[in-house]
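I have placed the structure first, in the form of C-alpha cells, so that the comments after it can refer back to it.
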Amino acid sequence: MYTATAVFDLLLPGDSRSLKAKRSYVRPIVAALRRFEVSAAEVGALDLHGRAEIGVAVVAAEAAHAREVLDSCERLVAGRPEAELLSVRRRWYGEDD
Numbered sequence: 001m002y003t004a005t006a007v008f009d010l011l012l013p014g015d016s017r018s019l020k021a022k023r024s025y026v027r028p029i030v031a032a033l034r035r036f037e038v039s040a041a042e043v044g045a046l047d048l049h050g051r052a053e054i055g056v057a058v059v060a061a062e063a064a065h066a067r068e069v070l071d072s073c074e075r076l077v078a079g080r081p082e083a084e085l086l087s088v089r090r091r092w093y094g095e096d097d
C-alpha cells in the first residue's frame with residue numbers, strides 16, 4: 001500500500017478580499033479534485049484572503065498509480081484560470097515507512 005500527499009499553494013485574484021469570496025474560488029477547485037477519488041480540503045493559509053493551500057491525499061496499491069493521480073491533480077490545479085499555482089509540496093509513504 002502506498003499513500004501520497006500534495007499541498008498546492010495558490011495565489012487568488014485580488015478581488016478575494018473576504019473569506020466568502022475566497023471560498024468561492026477554493027470550493028470549486030476542491031470539488032473538481034475529488035473527481036479523482038482523493039481526499040481534498042483547504043488545509044492552510046485559512047486566514048489569508050489572497051492565498052490558499054489545498055491538500056490532497058491518495059491511497060493506492062501501486063506507487064505509480066499514486067503518482068499518476070497526483071500528477072492529474074496538479075495539472076487540474078495548474079490549469080485553473082482563477083488561481084495561480086505558486087508551489088507544490090509532495091510526500092510519499094510506502095510499505096517501508
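In full-length UniProt numbering, the protein residues as written are 1 to 97.
Even for Gly, the Cβ is constructed at its ideal location relative to N, Cα and C.
Cut-off 7 Å between Cβ atoms - residues of its own chain near residue i, not counting five sequence neighbours on either side
| i | result |
| --- | --- |
| L76 | A32 and L33 |
| R80 | I29 |
| A78 | L85 |
Residue i to residue j span [Cα, whole Å]
| i | j | result |
| --- | --- | --- |
| L11 | Y2 | 30 Å |
| L85 | I29 | 12 Å |
| A61 | E53 | 27 Å |
| A83 | R67 | 23 Å |
| G94 | A63 | 8 Å |
| V26 | D96 | 35 Å |
| R23 | H65 | 30 Å |
| G14 | W92 | 34 Å |
| E74 | G50 | 20 Å |
Bridge partners - residue i, DSSP secondary structure assignment
| i | result |
| --- | --- |
| E53 | D9 and G44 |
| E84 | L11 |
| A4 | V58 and W92 |
| S39 | A57 |
Pair within 8 Å by beta-carbon distance, residue i and residue j
| i | j | result |
| --- | --- | --- |
| A4 | V58 | yes |
| V56 | S72 | no |
Beta-carbon contacts of residue i that lie in its chain and below 6 Å, excluding the five residues immediately before and after
| i | result |
| --- | --- |
| R90 | A6 |
| V69 | F36 and V58 |
| D9 | E53, L86 and S87 |
(message) Under 8 Å: do the region 7 to 20 and the region 40 to 60 share three or more Cβ pairs, one atom per stretch?
(response) yes
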